[in-house]
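Going line by line, the protein sequences match chains E and W.
Residue numbers for the first sequence follow the UniProt record's numbering, beginning at 1 and rising by one.
Residue numbers for the second sequence follow the UniProt record's numbering, beginning at 1 and rising by one.
See below for the structure under consideration.
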Amino acid sequence: MTPRRPGRTQARDLERYASLFADRTTVMKSSPMRDLMALTARPEVISLAGGLPDTSTFPAEDFAKLMSHLGARETARALQYGPTEGVTEIKRAIVQVMAAEGTEVDEDDILPTTGGQQVIDLVCKTLVDPGDVIIAEAPTYPGAVPTFAAYQAEVIQIEMDSDGMRIDVLEETLERLDREGRRPKFIYTIPNFQNPAGVTMSLPRRRRLVDIAHERELLVLEDNPYGLLRYEGEPIPSLYSMDGGEFVIYLGTFSKILSPGVRVGWSAAPRPVLQKMNIGKASTDLCSSPLNQLFVAEYFASGQWPVYMDELRALYHRRRDVLLDALAKNLPAEASWTRPDGGLFIWATLPDGLDTTDLLAKALSRNVAFVPGRAAFMDGRGGTSMRLNFSGVSDERIVEGVRRIGEVVHEQVDLLGSLTGRRPGAVPRPAQPAAEPAGQRPADPALENVLQLPRRDGDDAATRRSSS
Amino acid sequence: MSGGGARRVVVLKGGRSLERQVSLASGARVQDALERLGHEVHGLDVGHDLVARLRELAPDAAFIALHGSDGENGTIQELLEILGIPYTGSGISACVRCSDKILAKHAMVDAGLPTPDFLSFNETAFKELGAAEALPAVEERLGFPLVVKPSDQGSALGIKFAAAATDVPAALVAAFSYSEKVVLEQYVKGRDLAVSILDGRALPVVEAVPDDGEFYDFTSRYTIGRTQFVCPAALDDATTARAQELALAVHDLLGCRHFSRVDLMCDAVTGELTVLEVNVIPGMTETSLLPMAADAVGIDFDALVGKMLELALAAP
């Protein structure tokens, strides 16, 4: 074996290093949940915990052709440092992709980044001092949670319903903050097929959010990784397009429409903000990989991408339906879940009294995994929910994975029933997917659980369903 | 390096346990130390090929840095006995007793050693024998808050506090996620102490002082900066002596050998000491308590690891 580098490590080193760590590391915490998540990567585990696109669908010959073209024409440039503000060709591709969602953008307003995640980091780096307020959705993207924590932000999470973030609650929160003399640095939202909840912000709410941003001169970070992955219904304009580039910072990425491995994302933002982000980026990594940017640009210039997007949409649409069917077959009647029109995730909520972090330990013993809901909250909520991915898992494995999850859930529901002397819960099953006409939002009581509202009994849920 | 010359040592770590990450951290530090001591070291992430790899390597000794199930419940020790490989730490029977909180606590009660009052149940009791009917009596005896623990988990996972009767069912369901048997234990409000035993001697007492929160924050057990560890703990001489005496008594009672870590509580009101549990494979990470206690008496990490190996090689 390779010899390990000898060094001095003694128990007292803890003290020695601990005094050197920045304050922010105390919130960059390890946790039993993180240890559990580390086990989900074992090969024998069917993991619905990931957020992966299915890159196996990208034709190998196309990849080889693109790389050889690039090699023939751009070797020196691809291997060289590039400008922090990105190579020109990638900006053209970005303009194309944003146009496909009806959003116009000026190349000069774009900053290519190392994945979309870097945008979240740069926005925090540019705007957030320790103790500053960030407003996010409840639940929010689990990957943003450690970034917000690392910048020592105070995150206030606003509940959602089937129309996305509750803007009325947002306004109440802003009023309250106003009275306390505090102003949030930005409002973080994933308006399309939200991760993890799967819901989409309605057009009226988008309008109101943009108005609020203008009225109060607040910045909004619009995270839109999945907008092009719509399987049903009509696209809704982006916040960026409605705002005219004044108060909305747009986050885009090639991760879900081409490859997360190339690590290319971008921001489109008001120029003063973009300039600061550019300076922040220079200190982080000088520039994003020119090789990867040129590869992506080459691909978009080749004109193949609309065809590939159709293939991806068809594949993920089918897998979403497979997951929805499997949930209907395997979860108890008291469970509920969202029915997203696009994206990669479904958010399922189990009866009160179950805890999905503990459930994951039991699920792992049957070799199946999901993301416990608590990972999407900074305040300990989400204990009865879980995020399930359908894009990166084959149909067969989705079916088998959900069967196993159903098994452990039923065991726990039965146990809880025998402990409390009654069956828990009482939210009826959501409507079957097949019964829903395409393009119409399902009247889905499950979405009430995204709200984290107290459960109501079956009669109430039925009334809501018939009236919606 | 201590006598006996260079040895071929396998460090067993990782595995499928829920404490895999902690084990990998312990194992890596132990490997470093053994190499600095001049041994030929092989790290083994425990899996299906364990026996084959052990036969192939034919080591002089196995250093067990596994935490959680198989490493602590005697399974690995049984295999090493069959293969004739000396190993660090306690033998099979002590592992079986210590890894099962119910067995360990009954042994303490029978021997008259203090441990918080408790009751234990398996899942069948609730599913098939209607044990739920008995919960009010259980709650009345133990009082609130009470602690619900899986009987055989070493880490914080699955441990819940129930502040009132309404919290108990969910806490039980959580604990049963990790184990077929659970312990309902009286909660002792007070100071959280650990006494490590090394080669028949009790090391200085370590106290875990959480940065915030009324209850000991279990997520901070393995995290730098969330909990302050004080060693030696600021206790009066009599309490220190009593804690060490008690720890040694429990270590011996349960048949442990070479080393262990005994977790105790010191009641905030009465000052009474009670034993929670014994860990046969204490953590060896940079936040772990046994290395900290050893360091306090001048045994640095390398010397500690060397001593543990020496004891394994000298064992009959």
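No residue lacks a Cβ here, since even glycine has one placed at the ideal position from N, Cα and C.
For the region 268-314 of chain W, the full-length alpha helix (DSSP H) segments reaching 4 residues or more read 289-296, 301-314 along the chain.
For the pair D132/E and E154/E, the CB atoms are nearer than the 8 Å cut-off. In terms of beta-carbon proximity, S202/E stays away from the interface with chain W, with every pair separated by 8 Å or more. Closest by C-alpha distance to E407/E, out of L327/E, F345/E, T357/E, I90/E, is L327/E. Judged by DSSP secondary structure, M160/E falls within the beta strand (DSSP E) whose first and last residues are 154-161. Around the beta-carbon of D358/E, 16 or more other beta-carbon atoms lie within 10 Å, marking it buried. In the three-state reduction of the DSSP assignment, H48/W falls in the coil class, being assigned neither a helical nor a strand state. With fewer than 16 other Cβ atoms inside 10 Å of its own Cβ, I82/W counts as exposed.
Residues of the region 164-175 of chain W that bring their beta carbon within less than 7 Å of a beta carbon in chain E comprise P169, A170, L172, V173, A174, in sequence order. Taking a 10 Å sphere around the C-beta of R271/E, we find fewer than 16 other C-beta atoms and assign the residue as exposed. Chain-ordered, the chain W residues with CB closer than 7 Å to the CB of S418/E read F126, K127, A132. When L193/W, A6/W, V46/W are compared, the shortest CA-CA separation from V230/W is found for L193/W. Going by DSSP, N292/E is part of the alpha helix (DSSP H) stretching over 290-301.
Look at L219/E here: in three-state DSSP terms it is strand. Between the region 370-389 of chain E and the region 302-311 of chain E there are fewer than three inter-stretch CB-CB distances shorter than 8 Å, so the stretches are not counted as touching. Taking the CA atoms as reference points, A25/W sits about 8 Å from M284/W.
For the set P316/W, A315/W, E310/W, the Cα lying nearest the Cα of H39/W is the one of E310/W. Neighbourhood of G158/W in chain E, by CB distance below 8 Å: D358, A361, in chain order. Under DSSP, V195/W takes part in a beta bridge, and its partners are V262/W. In terms of beta-carbon proximity, Q152/E stays away from the interface with chain W, with every pair separated by 8 Å or more. A Cβ of chain W is located within less than 8 Å of the beta carbon of L354/E. In the three-state reduction of the DSSP assignment, T356/E falls in the helix class.
Here H42/W is bridged, per DSSP, to V10/W.
Judged by their CB atoms, L111/E and N278/E are nearer to each other than the 8 Å cut-off.
Using a CB distance cut-off of 8 Å, S177/W counts as an interface residue toward chain E. In the structure shown, S23/W falls within a helical segment according to DSSP collapsed to helix, strand and coil.
By the C-beta criterion, the region 184-191 of chain W is judged not to be in contact with the region 247-261 of chain W, since fewer than 3 inter-stretch pairs fall below 8 Å. By the neighbour-count definition (other C-beta atoms within 10 Å, threshold 16), E217/E is an exposed residue.
It is roughly 28 Å from the alpha-carbon of T274/W to the alpha-carbon of A132/W. Interface annotation for the region 4-24 of chain W against chain E: R16, L18, E19, R20, Q21, V22, criterion Cβ-Cβ distance under 8 Å.
Annotation note: the region 85-111 of chain E contains no uninterrupted beta strand (DSSP E) run of length 3 or greater. A straight-line Cα-Cα distance of about 42 Å links P59/W and F118/W. The region 226-237 of chain E makes contact with the region 185-193 of chain E, as at least three CB pairs between them are under 8 Å. Taking a C-beta distance under 8 Å as the contact criterion, L37/W and L44/W do not qualify as a contact pair.
By the Cβ neighbour-count rule, S162/E is buried, with 16 or more other Cβ atoms within 10 Å of its own. Within its own chain, the residues whose Cβ lies closer than 6 Å to the Cβ of P130/E, once the five positions on either side in sequence are excluded, are Q152, listed in chain order.
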